[in-house]
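Number of protein chains: 2
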Amino acid sequence: MSELVRVAVDAMGGDNAPGEIIKGAIEAVCESKEVCVILTGRQEAMDAELAKYTYDKERVETVDCPEVIETAEPPVAAIRTKKHSSMVAGMNLVRHGEADAFVSAGSSGAILVGGQSIVGRIKGVHRAPLAPLFPTEKGISLLVDSGANVDPRPNHLVQFAQMGSIYMEYVIGVKNPTVAILNIGAEEEKGNALVKETFPLLKECRDINFIGSIEARDIPYGAADVIVTDAFSGNIVLKLYEGLAAVLISEIKKGMTSTFRSKIGAALALPALKETLKSFDATEYGGAPLLGCQGLVVKTHGSAKAVEVKNSVIQCLTFTQQHISDRIREHICTD
Amino acid sequence: MSELVRVAVDAMGGDNAPGEIIKGAIEAVCESKEVCVILTGRQEAMDAELAKYTYDKERVETVDCPEVIETAEPPVAAIRTKKHSSMVAGMNLVRHGEADAFVSAGSSGAILVGGQSIVGRIKGVHRAPLAPLFPTEKGISLLVDSGANVDPRPNHLVQFAQMGSIYMEYVIGVKNPTVAILNIGAEEEKGNALVKETFPLLKECRDINFIGSIEARDIPYGAADVIVTDAFSGNIVLKLYEGLAAVLISEIKKGMTSTFRSKIGAALALPALKETLKSFDATEYGGAPLLGCQGLVVKTHGSAKAVEVKNSVIQCLTFTQQHISDRIREHICTD
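If you read the sequences in order, they're chains E and W.
Each residue of the first sequence is one higher than the one before, starting from 187 at the first, in the working numbering.
Each residue of the second sequence is one higher than the one before, starting from 187 at the first, in the working numbering.
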């Protein structure tokens with residue numbers, strides 16, 4: 187039997203903590219015999235939730251952490267001062283090799299700060315980007331970076347492309363994934379200063395399947411597997427995706443119930459329609475890894491329910507078993 | 187009777203030229219007695235189209251232009267060398283005071299270059315941004331800039347905010363329009379270097395109703411009337427809006443016809459639904475003005491049909507009658 191993959195889970199992070207978080211962690215343990223979880227959080231709260239389930243107790247540990255980092259707290263100060271928080275404790279487990287990965291639905295800012303400062307970057311990695319998967323007409327694409335590094339330099343984007351490719355290929359299973367840079371036109375001379383400087387570097391980069399520029403319009407069609415961009419632009423894409431899908435879906439529901447005739451139609455069509463809409467309803471598919479850290483840090487949606495938490499834990503399994511950090515260490519350009 | 191507003195129209199620009207362009211121009215002349223149009227293009231082609239309609243011949247002129255600027259041509263070279271193109275001729279009419287405005291569905295790049303170099307900016311205006319209107323849950327918002335100025339400076343964005351406010355108030359009729367800067371979080375310390383430097387300048391700026399940062403997620407809800415950003419980010423918003431709406435609508439149609447039951451439902455609900463979807467289907471509502479030029483330049487969607495061309499011409503009427511250029515001249519900060 188292969189060695190267990192140890193995933194620390196922030197039991198106190200997110201809108202539905204600790205209930206849904208612990209439920210998801212337990213579901214992951216039940217789904218895969220190769221994973222064990224280490225829950226970090228307030229002992230009493232964790233015990234109360236755990237008492238609800240039947241599971242293999244050998245593969246679920248808890249670490250008592252009296253503090254919690256709240257979403258509104260300034261991230262740097264929170265990470266520095268709340269040493270006994272569920273988040274800092276979980277990250278320290280990864281740092282000290284006592285866990286392979288850490289999953290949290292808590293404050294994004296704190297996860298980004300803690301990932302880089304506590305877990306630390308792989309030697310040679312300039313910046314650790316947040317890389318969420320999101321739905322497209324064809325399936326899913328990876329957006330690197332979507333919130334960690336505003337105003338990056340061109341060589342940072344080259345590493346984002348390399349790390350994103352490795353993730354898509356070995357964790358998601360897309361052979362030779364296509365990589366594009368987010369731009370405002372398809373021609374090589376288009377773009378802002380960052381894109382113009384980065385484009386030729388990506389063209390020269392071996393190890394990636396660079397297909398050139400992608401316009402935002404083509405993202406929802408799934409025109410590239412990995413989309414490289416600065417965090418400011420990436421965040422715009424991700425948030426607009428979320429907002430526009432939600433507004434369109436609500437407008438469509440309104441439109442479908444605007445007349446008596448359409449109301450009957452809606453009643454008949456809605457079950458099938460819901461399936462379609464669901465796939466475009468969430469911004470983040472499972473969790474978004476912070477790529478390039480020594481050990482894995484995964485940020486799950488703040489509103490994550492058990493199923494997303496479970497998926498994020500299972501994602502850590504593939505990530506660890508596929509030795510993604512080693513592959514990144516071997517393959518990134520460090521100039 | 188008030189003086190006629192003279193709108194030059196590029197009869198050869200866009201996917202549906204000259205047929206839909208000329209049809210739209212004629213419709214505008216028929217709709218408003220206050221407008222006259224000056225069509226620029228190949229005489230023979232224009233005459234053939236004009237022969238199809240009955241209209242007040244006193245208010246439709248033509249200018250024969252043997253050349254056409256194609257979409258794929260490098261903009262700067264095209265504007266410089268094709269002096270006898272429908273686009274350059276139309277812009278020269280505005281430059282020399284023979285027309286108040288110019289409308290084109292042709293190459294965006296050439297319109298941006300020609301607008302700034304032929305028509306020219308108002309004294310004190312640093313950059314002329316492209317400001318399209320787009321649909322939201324509440325109505326419409328204005329996005330400044332969406333394609334003209336990548337890598338702008340903070341004081342450029344302040345002018346964008348001022349010019350956008352004037353446009354929204356006097357052309358669209360939104361009293362004291364709210365202005366927000368596109369950002370990746372609501373807090374003042376968030377953002378890239380450009381946003382961080384621009385934010386305090388906008389806060390200090392009188393004449394605008396600045397409400398702070400807006401996240402991309404809130405744009406579709408209509409959270410601000412005027413959204414200020416650099417052209418790279420603005421282009422991402424605009425293009426993603428277009429692409430995501432199209433993909434979602436196509437997915438929804440697929441979803442609604444996936445089962446027998448849902449097919450019947452779809453047949454009943456679709457007429458009402460189509461109305462809703464239509465309002466989110468086009469990126470640009472009418473035309474996008476290039477703000478801050480001496481005289482008005484309006485870029486219409488490349489795929490514009492007659493109704494969009496007509497709306498763009500009518501938009502020029504309000505713009506001119508409301509003396510938008512004069513208001514901009516009086517109100518912009520020039521430091």
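We treat Cβ as the ideally placed atom computed from N, Cα and C, and that holds for glycine.
At a cut-off of 9 Å between C-beta atoms, Ala214 of chain E does not count as an interface residue with respect to chain W. Taking the beta carbon of Gly377 of chain W as reference, the chain E residues within 8 Å of it are Val336, Phe418, listed in sequence order.
Neighbours of Thr462 of chain E across chain W, judged by C-beta separation under 7 Å: Glu437, Ile438, Lys440, Gly441. For Arg515 of chain E, no chain W residue has a C-beta closer than 9 Å to its own C-beta; the minimum C-beta separation is roughly 29 Å. The count of Cβ pairs closer than 8 Å, one atom from the stretch 287-298 of chain W and one from the stretch 496-510 of chain W, reaches three, so the stretches are in contact. Judged by DSSP in its simplified three-state form, Thr226 of chain W adopts strand.
By the Cβ test, the stretch 449-458 of chain E is not in contact with the stretch 249-262 of chain E, since fewer than three Cβ pairs between them sit closer than 8 Å. The Cβ of Gly451 of chain E sits closer than 9 Å to at least one Cβ of chain W.
Membership of Arg192 of chain W in the beta strand (DSSP E) is indicated by the continuous run 191-196.
Taking 8 Å as the cut-off between beta carbons, the residues of the stretch 395-416 of chain E near chain W are Glu401, Ala402, Arg403, Asp404, Ile405, Pro406, Tyr407, Asp416, in sequence order.
Between the C-alpha atoms of Ile208 of chain E and Val483 of chain E there is a straight-line separation of about 18 Å. Residue burial is scored here from C-beta neighbours: Thr520 of chain E has fewer than 16 other C-beta atoms within 10 angstroms and is therefore classed as exposed.
Under the Cβ criterion (8 Å, minimum of three pairs), the stretch 360-368 of chain W does not count as touching the stretch 435-451 of chain W. By alpha-carbon distance to Glu230 of chain W, the top candidate from W:Ile308, W:Cys251, W:Ala211 is W:Cys251.
When the beta-carbon positions are compared, Asp331 of chain W and Ala417 of chain W come within less than 9 Å of each other. Under the three-state reduction of DSSP output, Glu494 of chain W falls in the helix class. Counting only the Cα atoms, Thr443 of chain W lies some 38 Å from Ile212 of chain E.
Per the C-alpha coordinates, the member of W:Ala317, W:Ser399, W:Asp393, W:Ile394 positioned closest to Glu383 of chain W is W:Ser399. The C-beta distance from His312 of chain W to Gln345 of chain W rounds to 6 Å, short enough to meet the 8 Å contact threshold. At a cut-off of 9 Å between beta carbons, Pro340 of chain E makes no contact with chain W. When DSSP states are grouped into helix, strand and coil, Val254 of chain W belongs to the coil group. With its beta carbon less than 9 Å from one in chain E, Gly429 of chain W belongs to the interface. Using a Cβ-Cβ cut-off of 9 Å, Val193 of chain E does not count as an interface residue toward chain W, since no Cβ of chain W sits closer than that to its own. Contiguous alpha helix (DSSP H) elements confined to the stretch 385-473 of chain W occur at 417-442, 446-465, taking only those with 4 or more residues. Inclusion of Gly333 of chain E and Leu316 of chain E in the CB contact set at 9 Å is warranted, their separation being smaller than that value. Proximity of Ile308 of chain E to chain W, defined by a Cβ-Cβ separation below 9 Å, is not satisfied. Ranked by Cα distance from Leu329 of chain E, the options E:Val254, E:Val215, E:Pro475, E:Met198 are led by E:Pro475.
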